[in-house]
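Okay, so here's the structure we're looking at.
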Amino acid sequence: EIAGALAFISWRLAQSKAINLHGEDLEYLKKLAGEDLDRGIYFTGKKDFKEAIGIVKSCDIYIHPSYKGGGLSTSLLQAMCCEKAVVASPYEGGDEVVIDRKTGILLRDNSPEEICRGIIEFISDKELMAQCGREARKFIEKNFNWRVSVEKYKRIIRELVKG
């Protein structure tokens, strides 16, 4: 989806770069990207945690297309914690943590056209991009910390004990 979206909007970008940290089928993605491989699309493959976070920190926009059926994505939370502007589909918990135009851009689906829309929205509004990154980190700090997790577990245990 990312490669298709970049091919779709490459005419709007003077220099486009995408990093695919971990595609299930890199050869298929490279084929989709086609000639755009010469325009700065890089496929890194799977990286260890430290390398992956370094790459995320160096990007301006973190694009997170995903498919139905997965649980909450750790990589999405990590990008938000790094104050990255996030463009995410509603799957793998995207609709739980990405509040549209507040903590990122929440897409309707993971089609190239939708991904393109999200990318263009951030590219067209640098202040929105920065604001969403800041708000994303605040959201993660508030909702995904040990104190909050312990309280949630206590509440669940109390409910179970009550029967």
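For the sequence shown, position 68 matches number 71 in my numbering, and the numbering has no gaps at all.
Note that CB positions come from ideal geometry on N, CA and C, so glycine has one too.
Cβ separation of residue 69 and residue 94, assumed to be a contact under 8 Å, to the nearest whole Å: 4 Å
Residue 124 beta carbon less than 8 Å from that of residue 102: no
Sequence-distant residues of its chain with Cβ nearer than 7 Å to residue 59 (five each side left out): Contacts found: 65, 81, 82, 85 and 87.
Own chain, CB closer than 7 Å to residue 154, minus 5 neighbours either side, in chain order: none
Minimum length 4: unbroken alpha helix (DSSP H) runs contained in the stretch 119-149: 129-146
Where residue 97 falls, given that 16 or more other Cβ within 10 Å makes a residue buried: buried
Spatial distance of residue 47 from residue 56 (CA atoms): Each residue's alpha carbon lies about 13 Å from the other.
Residue closest to residue 67, alpha-carbon to alpha-carbon, out of 110, 136 and 126: 110
Residue 121, buried or exposed, once every other Cβ within 10 Å from all chains shown has been counted against 16: Buried.
CB contact flag (residue 118, residue 90, <8 Å): yes
Delimiting residues of the alpha helix (DSSP H) encompassing residue 100: 97-100
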